[in-house]
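Oh and the sequence shown: position 249 is 235 in our numbering, straight run, nothing missing.
The block underneath contains the structure these notes are about, expressed in structure tokens.
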Amino acid sequence: MTEKESNHPDTELEEGKIEQEESKTNAHETLKETEAQLESAFKEAADEKSATPSKWEQWKPYLLKFREPKVIYTITFIYILLFLIILLWKLIAFRRSKVEYETPIGYIWNMKFKNEIIKYINQRRHDQFVIVHGPKGYGKTRGIRVLSSELISEGRTPFIFDFQKISKTATKKDARKVLQSQLLMNLMKIDGRTIDIPMAKAVQLLTPLTVLKETVPKTIHFQFKDQNLQKIASLLLQIAYGFERNPATTMNNLFEAIDALAALRPVIFIVSPEILLNNNHKEISDLYTSILQNLRSFAEAYKSTPTVTEISDQTLVPEILTIPSCRALYLGELQFEEVESLSNDKYFNLNDVKKIYNKFGGYGGAFATIRDNRRDGIPIQSTIDEIDFSDKEWLSTVVYSSKNVKKTVAYLKDVASVKKDVLYNPENEECFYLVKSGIISILEDNKRLTFQSKSLKALFDSSSF
């Protein structure tokens, strides 16, 4: 065969096909070998996995032990013990918070004042009405509340009308609701006590004083244990509805109604009626004068019900104290023998009490403030310094806010002097201004003036005014 024949195209094509077939055969054989290797590898892995135990299989013996009764009892006991420990800790924490954060300083009586007011209340007939006055912060309001609790235990029924609860913007409707709420609260405090009262006579006396309107509810939502008390409460609330029509007449009707309930042995307490003077509504602001007139009429009619009214010196009109039927009781500084009992308090010892008394005299407000701060871990001297700073700022503000600083300072120097007594004179501008500001107070004889506290006088004496 020639060279030409050997390079024929058909021969070359046939040789190419043969090569392709051989290549496919080789690839197929390689694929089979690979599959066989993979299958062998998977089988080996499966065998190895089946030979190695799972995590569950490893932990199963230990977990099954928790199903044993002994283990269950042990775990239950531990849980109960933890619960009791937490509960005990909570109770201890709650008791500690009750003692440390909710127990105020015990009220310290000015015994002269207390004896006088109890003597007045226990009179058979009352031809005088009592005005309790004195410097701000000496415990007049709290004293009335403490005394009312003592009177309840003695079988009396205090009726407290606290006008501090009536805001400057209160309407007649707002004031009426406050009044009714206080009437209910007063009666709730004696609910459960045996009340021997002729109800037919009480209804006969009280009904004419009620507001005869169909819109007035004849029942109240609160349910008293004593049905007689339920009826009395309903009648008093009906009387109070008249406040929206005529505040002055309604207050007089309430006083008359309470006096008619003599079997309850009532005592009327009026707290801060001067607050009414600042009310935006004239009929409410005029009520201050009307109440004092009612008290005067009450006394002059020899009513059986004692009436006690607490007024701050800052708003007191001293002319009231000159009325023959007015009996003024002054609540001023405590004596050392009276504050000495504080040495038994957990936050004071006798030396602490002496230190505070030497600084502030018998000003109960200072003892209360220092005790509150001691409870919070603040040293006594730190609180004394704080009170001094506050009083100094207050004194400076009052003096420099006056119309005539020079005259105001001169007047204070006269009051501070031990050589002469300065008498109260509301027509003197400096006198009137300083009493209203609370820097000076009217003494027990209702004429002479003094500084509101011993420490305030000391601050003025050491000042550079």
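Glycine residues also receive a C-beta, built at the ideal position from the N, C-alpha and C atoms.
Model, not experiment: these values are computed from the prediction.
Here Leu420 is not near Ile94, since their CB atoms are 7 Å or more apart. Taken atom to atom, the span from the alpha-carbon of Ser276 to that of Val339 is near 44 Å. Assignment of beta-bridge partners to Glu140 by DSSP yields no partner. For Thr295, the secondary structure class from DSSP, reduced to helix, strand or coil, is strand.
Across the structure, Ile261 and Lys389 are spaced so that their CA atoms are roughly 25 Å apart. Across the structure, Gly228 and Val118 are spaced so that their CA atoms are roughly 29 Å apart. In terms of Cα proximity to Ile309, the closest of Phe334, Gly351, Gln279 is Gln279.
In the DSSP assignment, Pro233 falls outside any beta strand (DSSP E) and lies within the alpha helix (DSSP H) extending over 233 to 246.
Put simply, the stretch 242 to 258 touches the stretch 279 to 296. At least three CB pairs are less than 8 Å apart. Under the DSSP assignment, Val408 falls outside any beta strand (DSSP E); it carries neither an H nor an E label. Residue ranges of uninterrupted alpha helix (DSSP H) with 4 or more members, entirely inside the stretch 329 to 380 and ordered along the chain, are 336 to 346, 350 to 361. Between the stretch 247 to 266 and the stretch 144 to 159 there are three or more inter-stretch CB-CB distances shorter than 8 Å, so the stretches are counted as touching. DSSP places Ala444 inside the alpha helix (DSSP H), whose first and last residues are 440 to 447. For Arg162, there is no enclosing beta strand (DSSP E); the residue is part of the alpha helix (DSSP H) that begins and ends at 158 to 174. Beta-carbon to beta-carbon, Pro252 and Lys158 are separated by about 25 Å, too far to satisfy the 8 Å threshold. If you draw a straight line from the Cα of Ser220 to the Cα of Leu68, it comes to about 53 Å. Leaving aside the five residues that flank Val132 on each side, the residues in its chain whose CB is nearer than 6 Å to its CB run, in chain order, Tyr93. The beta carbon of Arg313 sits closer than 6 Å to those of Gln114, Val116, all from its chain and outside the five residues before and after it, given in chain order. The secondary-structure analysis by DSSP pairs Cys417 with nothing; it has no beta-bridge partner. Within the same chain, Val401, Leu420, Leu435, Thr436, Phe437, Gln438 come within 7 Å of Ile426 by CB-CB distance, once the 5 residues on both sides are set aside. The stretch 380 to 400 makes no contact with the stretch 158 to 175, as fewer than three CB pairs between them are under 8 Å.
Exclusion of the five residues before and after Asp177 leaves Phe210, Lys211, Asp212, Leu215 as the residues of its chain whose Cβ lies within less than 7 Å of its Cβ. Classified as buried, Ala226 has 16 or more neighbouring CB atoms from the shown chains inside 10 Å of its CB. The three-state reading of DSSP puts Phe145 in strand, counting E and B together.
Gly120 and Gly424 have their C-alpha atoms spaced approximately 10 Å apart.
Membership of Ile107 in the alpha helix (DSSP H) is indicated by the continuous run 97 to 107.
Each of Thr60, Val325, Asp362 was checked against the Cα of Phe346, and the nearest Cα belongs to Val325. Beta-bridge annotation (DSSP): Phe437 is paired with Ile426. At a Cβ-Cβ threshold of 7 Å, Phe322 and Leu328 do not count as neighbours. With respect to the 7 Å criterion, Glu416 and Tyr397 are classified as neighbours on the basis of their beta carbons.
Phe99 sits close to Leu317, with the two beta carbons spaced by under 7 Å. For Arg313, the uninterrupted beta strand (DSSP E) run begins and ends at 312 to 316, by DSSP. DSSP places Phe63 in the helix class (H, G or I) of the three-state scheme. According to the DSSP secondary-structure assignment, Phe208 is paired through a beta bridge with no residue.
Judged by DSSP in its simplified three-state form, Phe255 adopts strand.
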